[in-house]
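This note's numbering applies: residue 12 is where the sequence shown begins, and numbers increase by one. Data block below; observations after.
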Amino acid sequence: MLGGLGMQKYMAVLFGPAGTTLLSHFQNLISLFSQPIQDAVAQGYISAYSHEKYSTKDITTTAFFLTVVIFLLTLATLWFSGAFPTDLFNFTTGTWLLVIASILLITIQSLLSALFIAQKKLKFLVIFSAMQWLSIFGILIASNTTASNTLLLFVVVQGCFTMGLVIFLIFKKVKALRFNLFRIDKPILAHFRQFILMGLTVWITSKWVDFFVRENAMQLFGIEETGLWQAVVRISEAYRGLLISFLFLTFYPVLTQLYRKSSADLSSFFTKYFKKLLGFTLLFFLLLFFLKHWVVLFLYSADYLKATSLFNWQMLGDLLAFLSFPFALLLMATVSTGKYIFCEFVSASVYVASIFLGNHSDIEILVYAHVFRFIVYLILVISFTKKHWSHA
């Protein structure tokens, strides 16, 4: 996350709000390929790895197969829908091929990260990530090039690091890298299915929605004004991502354990935890409201202070998001997959509809839609989980 914020700062200082828009859209393009690998394949890999009945070779084979299939489907969708942002970035055909190859390597890096997490080699993963980000910033500062070339270097360096990592692991003869190219284990594929459903839901309702909404925003409001909105969104994504990671580490595992044991204990634990989260959320957003100018200056520059008016509405939507996340995780912990998917799609539909049916002369419509989205999402997740916490 720190590397991502550093990249935002770098683009903001050198290229202003337009640079923020370009970076956001380029990273979104990468995430269209990498996010389903992280949310579906990587999570499924980590889960399957802990089951002794599954062969590591078969798990790796299935995960690699799914990675390639998802990558090709994403590429085909972008190509045949005409959504590839070739007009926005000044890349030649050869350069685009290099970008696509680098993105493929980045998706493989996501899979390799899951391998290290499953084997509890977190120290190696942290060192690798730090070296990669230090190399990215070192090369960018030394090159001092255009915005498009900066983005090209950003993706190519990550691809090169993945190639280096694969060569290193092959040299070390890591057993988990061995796989049967033409043999897919059906029980393992079935194990991955639940993670794929969840992952693809988030992929469509967040990454694809964000991609097309930003495309629309650039057409309506221009690249500079869209950059101001994106600056606020990226700050929002950073602290929301931190909360989700924290909840997944501390809250979600306990929910899954208690769900199998006692509904009364589950209800009691959820209620107590939510009350603490409510207090933290109110305090956090109160502080952020008063410090928002300093936050924008620290992460971007004085050119972005005009974005603080958008920040107020974004924070309101994020406050609702903070309150909804525990209920969404409760849906996941209780294996209410269908209800979880329904909540994600309905709230995303409200978000898109609010934008396209709203006032297109004012960029504030984008943050208003963000608020509407999480009002609906909060109502839905509370309604669907009420039986699990209401009798505490």
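Using N, Cα and C, we set each Cβ at its ideal position, and we do this for glycine too.
Below 7 Å CB to CB, which residues in the same chain sit around T118 once its five sequence neighbours on both sides are set aside? Counted from its first residue, the sequence shown places residue 118 at position 107. For T118, where only same-chain residues beyond five positions count, the Cβ hits under 7 Å are F44, S45, I48, T78, F82.
Ranges of the beta strand (DSSP E) found wholly within the region 266-321, counting only runs of at least 3: none
Helix, strand or coil: how does DSSP classify D50 here? Your numbering for residue 50 matches position 39 in the sequence shown. Residue state, collapsed to three classes: helix.
Status (buried if at least 16 other CB within 10 Å, exposed otherwise) for K407: Any property of residue 407 remains undetermined from this structure, which presents the chain solely from 12 to 403.
Quick one: grab the DSSP three-state call for L99. Counted from its first residue, the sequence shown places residue 99 at position 88. Three-state result, L99: coil.
From I246, I366, L200, pick the residue whose C-alpha is nearest to that of W305; which is it? As a working note, residue 305 is residue 294 in the sequence shown. Cα-wise, what sits closest to W305 is I246.
Any contact between the region 261-277 and the region 53-70? By contact I mean 3 or more CB pairs, one from each, below 8 Å. no
As assigned by DSSP and simplified to three states, the class of S401: Here residue 401 refers to the residue found at position 390 when the sequence shown is read from its first residue. Coil.
Comparing the CB of F280 with every heavy atom of the ligand SAH, is any distance shorter than 7 Å? The ligand SAH is absent from the structure shown, which contains no ligands of any kind.
On the CB-based measure, 16 or more other CB atoms within 10 Å of its CB, does L266 come out buried or exposed? Within the sequence shown, residue 266 is the residue found at index 255, counting from 1. Label assigned to L266: buried.
With a threshold of 6 Å on Cβ separation, who are the neighbours of I374 within its own chain once the five nearest residues in sequence on each side are excluded? Position 363 of the sequence shown holds residue 374. Cβ neighbours of I374 beyond the five flanking positions: F232, E236, W240.
DSSP state of A87, grouped into three classes? What you label residue 87 is simply residue 76 of the sequence shown in a count that begins at 1. Of the three classes helix, strand and coil, the one that applies to A87 here is helix, per DSSP.
Measure the C-alpha to C-alpha separation of F309 and V244 and round it to an integer number of angstroms. If you number the sequence shown from 1, residue 309 lands on position 298. If you number the sequence shown from 1, residue 244 lands on position 233. Cα-Cα distance, rounded: 15 Å.
What does the alpha-carbon distance come out to for the pair G55 and F206? As a first step, residue 55 is located in the sequence shown; it is residue number 44 there, counting from the start. As a first step, residue 206 is located in the sequence shown; it is residue number 195 there, counting from the start. Cα to Cα, G55 sits roughly 6 Å from F206.
In terms of residues, what are the limits of the alpha helix (DSSP H) holding N227? One-based indexing of the sequence shown puts residue 227 at position 216. Start and end: 220-261.
Measuring CB atoms only, is the region 203-222 touching the region 334-342, in the sense that at least three cross pairs come out at less than 8 Å? no
Within a Cβ cutoff of 8 Å, which residues of the same chain sit near Y379, ignoring the five residues on either side of it in sequence? Reading the sequence shown from its first residue, position 368 is the one you call residue 379. Within the same chain, Y379 has close Cβ partners W324, S365, G369.
Determine the burial state of T261: buried for a count of at least 16 other Cβ atoms within 10 Å of its Cβ, exposed for fewer. Walking along the sequence shown from the start, residue 261 turns up at place 250. With fewer than 16 Cβ atoms within 10 Å of its Cβ, T261 is classed as exposed.
Can you check which of these residues, T345, S401, Q169, F165, is closest to S279 by C-alpha distance? By 1-based counting over the sequence shown, the position of residue 279 is 268. Checking every option, the nearest Cα to that of S279 belongs to S401.
Distance check for L151 and V363, CA to CA, integer angstroms please. Looking up residue 363 in the sequence shown gives position 352. Looking up residue 151 in the sequence shown gives position 140. Near 36 Å, if we compare the C-alpha coordinates of L151 and V363.
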